[in-house]
Structure formats: C-alpha cells, structure tokens
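A short write-up of the structure that comes next.
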Amino acid sequence: MSTWANLGLQDSASPLMEQLIFFHDHALLILVMITVLVGYLMFMLFFNKYINRFLLHGQLIEMIWTILPAIILLFIALPSLRLLYLLDEINEPSVTLKSIGHQWYWSYEYSDFNNVEFDSYMVPTNELENDGFRLLDVDNRIVLPMNSQIRILVTAADVIHSWTIPALGVKVDGTPGRLNQTNFFMNRPGLFYGQCSEICGANHSFMPIVIESVPVNHFIKWISNN
Ligand code: CUA
1 MSTWANLGLQ DSASPLMEQL IFFHDHALLI LVMITVLVGY LMFMLFFNKY INRFLLHGQL
61 IEMIWTILPA IILLFIALPS LRLLYLLDEI NEPSVTLKSI GHQWYWSYEY SDFNNVEFDS
121 YMVPTNELEN DGFRLLDVDN RIVLPMNSQI RILVTAADVI HSWTIPALGV KVDGTPGRLN
181 QTNFFMNRPG LFYGQCSEIC GANHSFMPIV IESVPVNHFI KWISNN
C-alpha cells in the first residue's frame, strides 16, 4: 500500500541516485524561493495605487530583473551538467550485463560468464506468492554483486523499451539496432525493482525488472551454478 513515505523518490541504492536526489532537492529549493518571491510580488500588486506621474523608464530595474534570473538559472544548469557527465562516466566495470527488450519481457545475457542467458517475465497476478509484488515481480531475477562497478548494455529486438531502476538512478532506452550503455554501483544488498518506461505497446506495463543485489561471493556461487 502507498503511504506518505512513497510520495517522494525511493531511497537511493547507488551513489548516482544519491546525486540525483541532491540535485532534485537543490532545484526544488530554488523553485520554492522563486514561487514565494513572485507570489508575494503578485499579491502586493493588488494594494498598489499605480500612480507615479514621473515614471517614464526604469533602466536599472530592468537590468536587474533580466540578469538576476539568468544567474539563478546558472545555479541549476551547472550542477545539472555535472550530473550529466557523472551519469555518463564508465569506471572499469567488473561485470557486464546485456539486457534485451522484447514485447513484453526482458532477456538477459552475462557475456563475461560463459554466456549465461535467460528470459525474465512478469509473474501473473493469479500465480503471485503471498508476499509478491503485483505487476512488479518476475520469474527470473537478475543477480548482481554489490559494491562493484556494473555495466549495463541495453538494446531491443522489436520496438523501443526502457530499462529503468529508480533506486539505482538508471534509465536507458533499448532501441532496435542500437546498443546503449550505462553503469551503476549498488552500495547495499536488497531487491531493486523497476519497470520498462517506454510506451512499447498494449502490455507495456507488464515487463518489470528485478535486481537481486548480493555479496560478491554469493554472486560467484550463483553464476557458476548456471
Ligand atoms: Cu517495454 Cu514499455
């Protein structure tokens, strides 16, 4: 069930998502300050008599209220640019996972490990376990090691899909004929859920993603049993 805690962003599980949350809060703070200032100004206009016989021009105030918003925008643009390059950086990944979008499921390939590959379908509501998440759980989860740099290669076999995990700050489109790349670092164990977020057809909402973040030795055990 949704509670008040679910109104905002999910708790981050990676340094990149942490940075995205910081930037969101920063931009929101600037937005609130602008809204309060402009709201106050508009409210005070109602009590203005609008009488000034000598007012012909106001060069100074026009300079101020042109340059000031431009400077405020820089305070959003520069951190945004920093974040953009941070998200794009690939730091020597220790594991590469290839995920291919299909209508309507994901298939995964661990190309580094004897090409382990499998399909990952959503668990239908009537087959769901009692503690399962409806429209969010899959039959075969991705298992990946925590505290390691992980590269994701995303593509699609039919239409455009999008490989999206909110807790990790990852959102990459899978496009037929193209191979997109991103990376992340999971700083805690757990289950991280995501959904395809391109409108890829009638059953678009039925292709969730589940990552099992586990310690490295657990991951090695899992991959060698596949
Ligand atoms: Cu695949 Cu939406």
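The opening position of the sequence shown corresponds to residue 1 in UniProt numbering, with each subsequent residue numbered one higher.
Built from N, CA and C at the ideal position, the CB exists for glycine as well.
1) Below 7 Å, is the gap between the Cβ of ILE199 and the nearest heavy atom of ligand 1?
2) Have a look at LEU86 and LEU16 and give me their C-alpha separation to the nearest angstrom.
3) Would you give the residue range spanned by the alpha helix (DSSP H) that HIS218 belongs to?
4) With a CB to CB cut of under 8 Å and the five nearest residues on each side skipped, what residues in its chain are close to VAL216?
5) Got a sec: does ligand 1 put a non-hydrogen atom nearer than 7 Å to the Cβ of MET207?
6) Going by DSSP, which residues form a beta bridge with THR164?
7) May I ask you to list the residues that DSSP assigns as paired with LYS98?
8) Grab the span of the beta strand (DSSP E) containing GLN181 for me, first residue to last.
9) Can you grab the Cα-Cα spacing for the pair TRP4 / GLN59, in whole Å?
10) Please report the straight-line C-alpha distance between GLU212 and ARG141, rounded to a whole angstrom.
11) By DSSP, does TYR193 sit in helix, in strand, or in coil?
12) Rounded to whole angstroms, what's the CA-CA distance from LEU56 to GLU62? Just pull it up for me.
13) Assess contact between the segment 162-171 and the segment 185-201, defined as three or more Cβ pairs (one per stretch) separated by less than 8 Å. Is contact present?
14) Is GLY101 close to ligand 3? I mean its beta-carbon at under 7 Å from any heavy atom of the ligand.
15) Helix, strand or coil: how does DSSP classify VAL159 here?
16) Could you have a look at VAL32 and say whether DSSP puts it in helix, strand or coil?
17) Thinking just about the alpha-carbon of each residue, which of VAL36, LEU29, TYR50, CYS200 is nearest to the one in HIS161?
18) Is HIS161 close to ligand 1? I mean its beta-carbon at under 7 Å from any heavy atom of the ligand.
19) If PHE23 sits next to PRO69, beta carbons under 8 Å apart, how far is it from one beta carbon to the other, in whole angstroms?
20) By the three-class DSSP mapping on this structure, what secondary structure does GLU62 have?
21) Taking ASN126 as the reference, which of SER120, ARG134, ASP119 has the closest Cα?
22) Return the CA-CA distance between ASP173 and ALA156, expressed in angstroms with no decimal places.
23) To which residues of the same chain is GLN19 closer than 7 Å at the C-beta, ignoring the five residues directly before and after it?
24) Tell me whether ILE76 sits in a helix, a strand or coil according to DSSP, three-state version.
On the basis of the coordinates in this document:
1) Within the cutoff, so yes.
2) Between LEU86 and LEU16, the C-alpha separation is close to 8 Å.
3) Following the DSSP letters along the chain, one finds HIS218 inside the alpha helix (DSSP H) bounded by residues 216-224.
4) Here the set comprises PRO145, MET146, ASN147, SER148.
5) Yes; taking the cut-off as 7 Å, the Cβ of MET207 has a heavy atom of ligand 1 nearer than that.
6) THR164 is bridged to LYS171.
7) According to DSSP, LYS98 bridges with GLU109, LEU153.
8) Taken as a continuous stretch (DSSP letters only), the beta strand (DSSP E) holding GLN181 covers 180-185.
9) TRP4 and GLN59 have their C-alpha atoms some 48 Å from each other.
10) Between GLU212 and ARG141, the C-alpha separation is close to 7 Å.
11) In the structure shown, TYR193 adopts extended strand secondary structure according to DSSP, grouped into three states.
12) Cα to Cα, the separation comes out at about 13 Å.
13) Taking a cut-off of 8 Å on C-beta distances, the segment 162-171 touches the segment 185-201, as three or more cross pairs fall below it.
14) With respect to ligand 3, the structure shown offers nothing to examine, as its ligands consist of ligand 1.
15) The answer is coil: DSSP assigns VAL159 none of H, G, I, E or B.
16) Residue state, collapsed to three classes: helix.
17) It is CYS200.
18) Checking the 7 Å criterion, the Cβ of HIS161 is within range of a heavy atom belonging to ligand 1.
19) That pair is no contact at about 19 Å.
20) When DSSP states are grouped into helix, strand and coil, GLU62 belongs to the helix group.
21) Nearest of SER120, ARG134, ASP119 to ASN126, Cα basis: ARG134.
22) So the two alpha carbons sit approximately 9 Å from each other.
23) Excluding its 5 nearest sequence neighbours in each direction, GLN19 has C-beta neighbours in its own chain below 7 Å: LEU83, LEU86, listed in chain order.
24) The answer is helix: DSSP assigns ILE76 an H, G or I state.
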